[in-house]
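**Student:**
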Amino acid sequence: MEKTGNKEYYIAEFNKSEQSMNGEASSAIHKLRKKAITKFEELGFPTVKNEDWKYTDVNPLFNFEFSAGNSSGITKKEAEKFHINGLNENTVVFVNGIYSEKLSAIKKQATGIVIDSLNAVLKNNPELIMEHIGKYALIDNGFTALNTAFAKEGTVIIVPDNSEVKGHIHIINITGEQGKHILTQPRNLIITGKNSKVNIIESYHSTNSSENLVNAVTEAVVGENSTVEIYRLQQENESSYQINRTQAVQARNSVFTHYSVTLGGGIVRNDTNVLLNDENCTGNLYGLYLTEGKQHVDNHTLIDHAKPHCQSNEMYKGVLNGSSRGVFNGKVFVREDAQKTNAYQSNKAILLTSTATIDTKPQLEIYADDVKCSHGAAIGQLDDEAVFYLRSRGISAEMAKTVLIRAFANDIFETIENETFHDHLNNLVFEKLG
Numbered sequence: 005m006e007k008t009g010n011k012e013y014y015i016a017e018f019n020k021s022e023q024s025m026n027g028e029a030s031s032a033i034h035k036l037r038k039k040a041i042t043k044f045e046e047l048g049f050p051t052v053k054n055e056d057w058k059y060t061d062v063n064p065l066f067n068f069e070f071s072a073g074n075s076s077g078i079t080k081k082e083a084e085k086f087h088i089n090g091l092n093e094n095t096v097v098f099v100n101g102i103y104s105e106k107l108s109a110i111k112k113q114a115t116g117i118v119i120d121s122l123n124a125v126l127k128n129n130p131e132l133i134m135e136h137i138g139k140y141a142l143i144d145n146g147f148t149a150l151n152t153a154f155a156k157e158g159t160v161i162i163v164p165d166n167s168e169v170k171g172h173i174h175i176i177n178i179t180g181e182q183g184k185h186i187l188t189q190p191r192n193l194i195i196t197g198k199n200s201k202v203n204i205i206e207s208y209h210s211t212n213s214s215e216n217l218v219n220a221v222t223e224a225v226v227g228e229n230s231t232v233e234i235y236r237l238q239q240e241n242e243s244s245y246q247i248n249r250t251q252a253v254q255a256r257n258s259v260f261t262h263y264s265v266t267l268g269g270g271i272v273r274n275d276t277n278v279l280l281n282d283e284n285c286t287g288n289l290y291g292l293y294l295t296e297g298k299q300h301v302d303n304h305t306l307i308d309h310a311k312p313h314c315q316s317n318e319m320y321k322g323v324l325n326g327s328s329r330g331v332f333n334g335k336v337f338v339r340e341d342a343q344k345t346n347a348y349q350s351n352k353a354i355l356l357t358s359t360a361t362i363d364t365k366p367q368l369e370i371y372a373d374d375v376k377c378s379h380g381a382a383i384g385q386l387d388d389e390a391v392f393y394l395r396s397r398g399i400s401a402e403m404a405k406t407v408l409i410r411a412f413a414n415d416i417f418e419t420i421e422n423e424t425f426h427d428h429l430n431n432l433v434f435e436k437l438g
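Under this note's numbering, the first residue of the sequence shown is numbered 5, with each subsequent residue one higher.
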């Protein structure tokens with residue numbers, strides 16, 4: 005019999021959290037939360053009967069009653085293991101979903117730039133974000149509803165007109181507590197004004213092998229003539245679950261680029277959606293996932309061309325080993341008014357074993373008549389002749405495999421302009437391939 009999830013448990017947790025509130029219970033953010041928990045009650049968790057979730061069974065999550073942890077169990081030295089050398093301009097650290105001021109390091113910024121925890125902004129300047137939070141990531145499934153209902157922690161980044169955050173902002177999420185199954189629900193909000201720029205790295209890590217759940221939502225508002233770049237790096241343990249949703253909305257002449265790199269996690273679902281909401285926008289989505297064992301990685305993307313003269317580029321690549329499974333569902337939607345659209349989508353995967361599987365579903369839905377749109381998907385194995393060629397020159401079988409996989413992934417690596425992150429990712433991939 006198909007499980008429907010322990011919905012009642014989370015509703016009870018919400019009701020319990022309400023009892024500990026003081027003046028916040030009547031705040032605008034809590035009204036948003038209450039609407040969300042009502043929606044969650046209506047929707048519940050998605051099942052394989054939902055078309056968008058047919059290849060990802062989340063039933064294993066219901067074996068656990070995930071709960072909040074505490075933020076005191078990580079030392080500065082332990083947190084520094086998750087830093088990226090050369091990209092430490094601004095680090096925002098969350099331990100079990102709770103902002104840690106002592107582990108974070110945020111440099112003084114130009115006037116108007118905000119880099120802070122959601123909790124602090126809601127307490128001190130909620131007017132900065134209430135116009136935006138919950139307006140873009142629509143609640144169309146139980147996970148987004150649950151995140152919104154419990155939205156308390158996460159990162160707020162505001163870059164006003166004609167401003168730029170120097171260097172990178174690295175948001176480090178560390179999850180794990182002995183003897184507990186931790187639930188974290190990061191809620192991130194990124195707002196840029198006109199002619200602004202910001203580069204962000206989100207990374208997710210585990211401290212032990214316990215089953216934990218990260219249910220994250222990020223809303224990004226990309227202002228006119230602005231550039232926003234997000235790198236998401238998932239390195240959690242193979243017992244962990246992560247449901248991650250990003251929704252970006254672009255204004256005229258803006259550029260939004262998102263990288264999704266999945267190297268860990270047991271069941272991972274990434275929803276990455278972009279709305280090109282004015283003319284001359286460029287939206288770029290890139291993804292790389294390396295799986296092994298019984299990992300399951302599902303990448304869902306939606307690029308919505310709403311206005312003319314916009315361009316989108318999408319490329320996802322996967323390497324699947326063991327009995328792992330990958331899913332790619334990428335939809336490009338071109339509305340009737342979106343003439344002169346140029347959209348490119350590619351999804352390729354290599355299966356290293358006969359027991360690894362991939363389900364891929366590229367979709368083009370076009371209602372404009374003057375467009376250039378293409379998509380392609382390819383699934384295969386490593387080229388035996390190429391392996392033989394390398395081995396004939398004295399290269400070991402394992403090294404030959406690594407070299408060919410690295411060459412396969414190179415299209416993704418080449419799009420990474422930041423050399424430091426490029427080198428960091430390159431090293432991680434080589435380590436992963438052993």
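Ideal Cβ positions, reconstructed from N, Cα and C, are used throughout, including at glycine. Computed from a predicted model, the values in this text were never measured in an experiment.
Rounded to whole angstroms, what is the Cα-Cα separation between V225 and P164?
**Tutor:** Residue numbering aside, residue 225 sits at position 221 when the sequence shown is read from its first letter. Residue numbering aside, residue 164 sits at position 160 when the sequence shown is read from its first letter. Cα to Cα, V225 sits roughly 12 Å from P164.
**Student:** Taking all protein chains shown into account, decide if T319 is buried (16 or more other Cβ within 10 angstroms of its Cβ) or exposed.
**Tutor:** For the purposes of this step, residue 319 is identified with residue 315 of the sequence shown, where counting begins at 1. Checking the sequence shown, residue 319 turns out to be Met, not Thr. M319 comes out buried.
**Student:** According to DSSP, is E423 part of a helix, a strand, or is it coil?
**Tutor:** Against the sequence shown, residue 423 aligns to sequence position 419. In this structure, E423 counts as helix in the three-state DSSP scheme.
**Student:** Mapping the DSSP letters down to three states, classify D144 as helix, strand or coil.
**Tutor:** Position 140 of the sequence shown holds residue 144. D144 falls in the coil class under three-state DSSP.
**Student:** Would you mind sorting A16 into buried or exposed? The rule is 16 or more other CB atoms within 10 Å of its CB.
**Tutor:** Position 12 of the sequence shown, counted from the first residue, corresponds to residue 16. Classification of A16: exposed, given that the 10 Å Cβ count is below 16.
**Student:** Taking just the CA atoms, how far does D374 sit from T8?
**Tutor:** Residue 8 sits at position 4 when you count from the first residue of the sequence shown. Residue 374 sits at position 370 when you count from the first residue of the sequence shown. Reliability fails at T8, whose pLDDT of 46 lies under 50, so the model's placement of it is uncertain and the value that follows must be treated cautiously. When rounded, the distance between both Cα atoms is 45 Å.
**Student:** Quick check on this structure: which residue in K11, E28 and K20 has the alpha carbon closest to the alpha carbon of L47?
**Tutor:** Here residue 47 refers to the residue found at position 43 of the sequence shown. It is K11.
**Student:** Whole-angstrom Cβ separation of N177 and S213, contact assumed at under 8 Å?
**Tutor:** Position 173 of the sequence shown, counted from the first residue, corresponds to residue 177. Position 209 of the sequence shown, counted from the first residue, corresponds to residue 213. The Cβ separation is near 17 Å, so there is no contact.
**Student:** For a test of the three-state rule: what should DSSP assign to T79, helix, strand or coil?
**Tutor:** As a position in the sequence shown, residue 79 is number 75, starting the count at 1. Coil at T79, not helix or strand.
**Student:** Below 8 Å, how does it come out for the segment 322 to 336 and the segment 295 to 313: are there three or more Cβ pairs, yes or no?
**Tutor:** Touching, yes, given that three or more Cβ pairs across the two stretches are closer than 8 Å.
**Student:** Tell me which residue opens and which closes the beta strand (DSSP E) that Q23 is part of.
**Tutor:** Taking the sequence shown and counting its residues from 1, the one referred to as residue 23 is at position 19. Where Q23 is concerned, there is no enclosing beta strand (DSSP E), although the alpha helix (DSSP H) it sits in stretches over K11 to Q23.
**Student:** Determine the closest residue to S358 out of A381, L368 and G297, with distance taken between C-alpha atoms.
**Tutor:** The sequence position of residue 358 within the sequence shown is 354, counting from 1. Taking only the C-alpha atoms, the option nearest S358 is G297.
**Student:** Contact check, I204 vs I173 under 8 Å by CB: the rounded distance?
**Tutor:** What you label residue 204 is simply residue 200 of the sequence shown in a count that begins at 1. What you label residue 173 is simply residue 169 of the sequence shown in a count that begins at 1. 5 Å between Cβ atoms; contact.
**Student:** Is it a yes or a no for the segment 89 to 104 touching the segment 29 to 49, going by three-plus beta-carbon pairs under 8 Å?
**Tutor:** Segments in contact, no.
**Student:** With a threshold of 8 Å, are at least 3 pairs of Cβ atoms found where one atom belongs to the segment 146 to 158 and the other to the segment 118 to 136?
**Tutor:** Verdict: yes, contact present.
**Student:** Measure the C-alpha to C-alpha separation of I73 and Q182 and round it to an integer number of angstroms.
**Tutor:** The residue given as residue 73 occupies position 69 in the sequence shown. The residue given as residue 182 occupies position 178 in the sequence shown. It is Gly, not Ile, that sits at residue 73 in the sequence shown. Straight-line Cα distance between these residues: approximately 10 Å.
**Student:** Which same chain residues, not among the five before or five after L429, have their C-beta less than 6 Å away from its C-beta?
**Tutor:** Position 425 of the sequence shown, counted from the start, is the residue given in the question as residue 429. There are no such residues.
**Student:** List in chain order: all unbroken alpha helix (DSSP H) runs of 4+ residues lying wholly within the segment 205 to 287.
**Tutor:** The segment 205 to 287 contains no whole alpha helix (DSSP H) run of 4 or more residues.
**Student:** Any idea if R329 is buried or exposed, counting beta-carbon neighbours within 10 angstroms, 16 or more meaning buried?
**Tutor:** Along the sequence shown, read from residue 1 onward, the residue named residue 329 stands at position 325. When all chains shown are included, R329 counts as buried.
**Student:** Pop quiz: A381 and T364 are said to be a contact at Cβ under 8 Å. What is the actual Cβ separation, rounded to whole angstroms?
**Tutor:** Taking the first residue of the sequence shown as 1, we reach residue 381 at position 377. Taking the first residue of the sequence shown as 1, we reach residue 364 at position 360. About 5 Å separates the two Cβ atoms, so the contact holds.
**Student:** Please list the terminal residues of the continuous beta strand (DSSP E) segment that includes T95.
**Tutor:** Along the sequence shown, one-based indexing puts residue 95 at 91. T95 -> beta strand (DSSP E) spans N94 to V99.
**Student:** Who are the near neighbours of E340 in its chain, counting only those whose CB is closer than 7 Å to its CB and skipping five residues on each side?
**Tutor:** Counting from 1 along the sequence shown, the entry for residue 340 is found at position 336. Closer than 7 Å at Cβ, skipping near neighbours: Y371 and A372.
**Student:** Could you name the residues that DSSP lists as bridge partners for C314?
**Tutor:** Within the sequence shown, numbered from 1, the residue matching residue 314 stands at position 310. BP columns for C314 are empty, so no partner.
**Student:** Less than 7 Å between the C-beta atoms of F434 and L217, yes or no?
**Tutor:** The residue labelled residue 434 in the question sits at position 430 within the sequence shown. The residue labelled residue 217 in the question sits at position 213 within the sequence shown. Contact flag unset, no.
**Student:** My guess is that T222 and T250 are in contact by the Cβ rule of under 8 Å, so how many angstroms apart are they, rounded?
**Tutor:** As a first step, residue 222 must be located in the sequence shown, where it is residue number 218. As a first step, residue 250 must be located in the sequence shown, where it is residue number 246. Confirmed, Cβ separation roughly 5 Å.
**Student:** Rounded to a whole number of angstroms, what is the C-alpha to C-alpha distance between F147 and A32?
**Tutor:** For this step, residue 147 is matched to residue 143 along the sequence shown. For this step, residue 32 is matched to residue 28 along the sequence shown. Near 21 Å, if we compare the C-alpha coordinates of A32 and F147.
**Student:** Which residue's Cα is closest to the Cα of V202: Q238, N219, Q385 and G171?
**Tutor:** For this step, residue 202 is matched to residue 198 along the sequence shown. Closest by alpha carbon: G171.
**Student:** By Cβ distance below 7 Å, which residues in the same chain neighbour G227 in space, the five residues on each side in sequence not counted?
**Tutor:** Translated into positions along the sequence shown, residue 227 becomes position 223. Cβ neighbours of G227 beyond the five flanking positions: T196, G197, K198, S200, A255 and S258.
**Student:** Use the C-beta contact count for Q385: other C-beta atoms within 10 angstroms, 16 or more gives buried, fewer gives exposed.
**Tutor:** As a first step, residue 385 is located in the sequence shown; it is residue number 381 there, counting from the start. Under this definition Q385 is an exposed residue.
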